[in-house]
Structure formats: C-alpha cells, structure tokens
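Asks:
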Amino acid sequence: MGNCIYCGKPAGFLRRKHRECEQKRKRGSFRGRPVEVSQKVLVDRGILAVITKHLYFHGQKKVFRVRWDKVVSFMPFSDGIGIQRDAMTAKPQYFITGDGWFAYNLVVNTANLG
Numbered sequence: 000m001g002n003c004i005y006c007g008k009p010a011g012f013l014r015r016k017h018r019e020c021e022q023k024r025k026r027g028s029f030r031g032r033p034v035e036v037s038q039k040v041l042v043d044r045g046i047l048a049v050i051t052k053h054l055y056f057h058g059q060k061k062v063f064r065v066r067w068d069k070v071v072s073f074m075p076f077s078d079g080i081g082i083q084r085d086a087m088t089a090k091p092q093y094f095i096t097g098d099g100w101f102a103y104n105l106v107v108n109t110a111n112l113g
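By numbering that gives the first Met the number 0, the letter at position 45 of the sequence shown is numbered 44, and the numbering carries on one by one without gaps.
1. Would DSSP call F63 helix, strand or coil?
2. Who pairs with Q92 in a beta bridge, going by DSSP?
3. First and last residue of the alpha helix (DSSP H) that includes Y103?
4. For Q83, which residues of its own chain have a beta-carbon under 6 Å away from its beta-carbon, when the five flanking residues on both sides are left out?
5. In the DSSP assignment, what residue or residues form a beta bridge with V71?
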C-alpha cells in the first residue's frame, strides 16, 4: 500500500496518487504572484526646456514633449524634479537639474500660467 505523492495519505494498493490530488495539481492550484521592484535608472542625458505650454526634453536617445494639462503632479527633490503624467501606464519621470528648488518653482509656476 503506497502513500499519495501529493498529500501523503494512503492511496491504495499499487497507487501512488489520488485522482483528486492529481486533478487539483493539473488545474494549477498554486498561483504565483509577480514581484514588483521599482528603481531609478538613468535613461538619457539632455536638455530640459520649460515653455509656457509644454515641457520639452531632448537627449541622444529620447526626445519627448509633455503638455502642462497632462501633468498630474510635480515632485520636488534636492537635486531635481519629478513629474507624473496623466496616463494609465505612466511612470514617474525624474529630471536631475542640480538645483531642485529653482527647477520645481519654475515648472510649477509655468504650469499654473496656462
């Protein structure tokens, strides 16, 4: 008499597993969860331009423009600023300028003009 390889209970003569245990195992009772890790990564170096209607970034790898009404929030840092776009899958974008206080005030006041 053998024991079930899944649950350890007696399985019967010459059997090594229960049908219920095997079906449960095949169904996929174990559900893994993805591990989310967030980190800041340097994507590009370039020029950050603040205009009355848009925020422009021009680098060697990336070039983009963000309208002020599409920015949800601004985040001040000691050495730069961060913005959060108004999009479903948008991640925060960080810009290191060297003077975070000046950059934050410039961006927030320019966004409030429009």
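Don't be surprised by glycine CBs; every beta carbon is placed ideally from N, CA and C.
Replies: Inspection of the coordinates gives the following:
1. Residue state, collapsed to three classes: strand.
2. According to DSSP, Q92 shares a beta bridge with I82.
3. For Y103, the enclosing alpha helix (DSSP H) stretches over residues 99-112.
4. V71, S72, P91.
5. Partner(s): none; V71 has no beta bridge.
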